[in-house]
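Shown next, in structure tokens, is the structure this report addresses.
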Amino acid sequence: MSTSSPGGIGLSGWGNYPKASSELLTPQTPAGARDHLLARSGVVARGAGRAYGDAAIGTQSTISSRGLNRMRSFDAATARLTVEAGVTIADILAVFEPRGFFLKVVPGTKFVTIGGAIAADVHGKNHHRDGGFGTIVDSFRLALPGGEIVTCSRSENAALFAATLGGMGLTGMILDATLRLLPI
Ligand SMILES: Cc1cc2nc3c(=O)[nH]c(=O)nc-3n(C[C@H](O)[C@H](O)[C@H](O)COP(=O)(O)OP(=O)(O)OC[C@H]3O[C@@H](n4cnc5c(N)ncnc54)[C@H](O)[C@@H]3O)c2cc1C
């Protein structure tokens, strides 16, 4: 299932400028996101729209991750959490902070998605010491523009993993990711 806006709607980033017309697609499953990507060009993924400029506006179509909002699995022994790309940092903190876990890297707003945090390799106030968000990412699944879904990590498709951290959505759409939480 998916919602779409044929003909396009005006989208902007957090700075509210520029505003541009783009078809907005909101798939509810990772496979649905891949199908949208495969069928279109001039398309980019969008998370919570907290980027200030136009990074999350496709020239023709924009695929929102907001329907991909499930937490998939958690292993308390290793602190590994797997979530879909539209889960936000706020969602994770609401569930896991009371259970004694935090994220080592958080930006100035918690209302960003995990897909957006990876794509911008966001940083916190501890950047000089702990690095960017990518340092807590073990792996993710990426839908490539050709429709293939690949798993990327430091040992599997390592070049694509590195290019996607801070790649601003230009390598494809992140579908889900496994993160290392910080026990507190
Ligand atoms: C109040 C405020 C404070 C901020 N503070 C900081 C800070 O301290 N440090 C910092 O680093 N940033 C900061 N930012 C910027 C923000 O963290 C980044 O812009 C972040 O990428 C936004 O995430 P998002 O989910 O809203 O993504 P969007 O804004 O929707 O998208 C951002 C980029 O990520 C790509 N993207 C989104 N989802 C996916 C996906 N599933 N697959 C592939 N690509 C995807 C988009 O194509 C786009 O290029 C701040 C922003 C605000 C509004």
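The numbering of the sequence shown is the working numbering, which starts it at 1176 and goes up by one.
Idealized CB from N, CA, C, for every residue including glycine.
On a predicted model such as this, the values are computed, not experimentally measured, just so you know.
- For Ala1195, the enclosing beta strand (DSSP E) begins and ends at Ala1195 to Pro1202.
- In this structure, DSSP gives Asp1351 an extended state, which the three-state scheme calls strand.
- Here the stretch 1339-1346 lies against the stretch 1307-1324, with 3 or more beta-carbon pairs under 8 Å apart.
- Distance from the Cα of Gly1190 is smallest, within the candidate group Leu1199, Arg1225 and Leu1278, for Arg1225.
- By alpha-carbon distance to Gly1291, the top candidate from His1303, Ala1260 and Val1280 is Ala1260.
- Collapsing the DSSP output to three states places Pro1205 in a helix.
- Looking at Phe1276, Gly1347, Ala1195 and Arg1209, the one whose alpha-carbon comes closest to that of Ile1293 is Gly1347.
- Per DSSP, Asp1305 is one residue of the alpha helix (DSSP H) stretching across His1302 to Asp1305.
- For Gly1185, the uninterrupted beta strand (DSSP E) run begins and ends at Ile1184 to Leu1186, by DSSP.
- Secondary structure of Ile1232 (DSSP, three-state): coil.
- If you check the C-beta of Ala1223 against ligand 1, you find a heavy atom less than 7 Å away.
- Under the three-state reduction of DSSP, Leu1256 is assigned to strand.
- Counting along the chain, the unbroken alpha helix (DSSP H) around Ala1269 starts and ends at Ile1264 to Phe1271.
- The bridge partners DSSP lists for Ser1248 are Thr1257.
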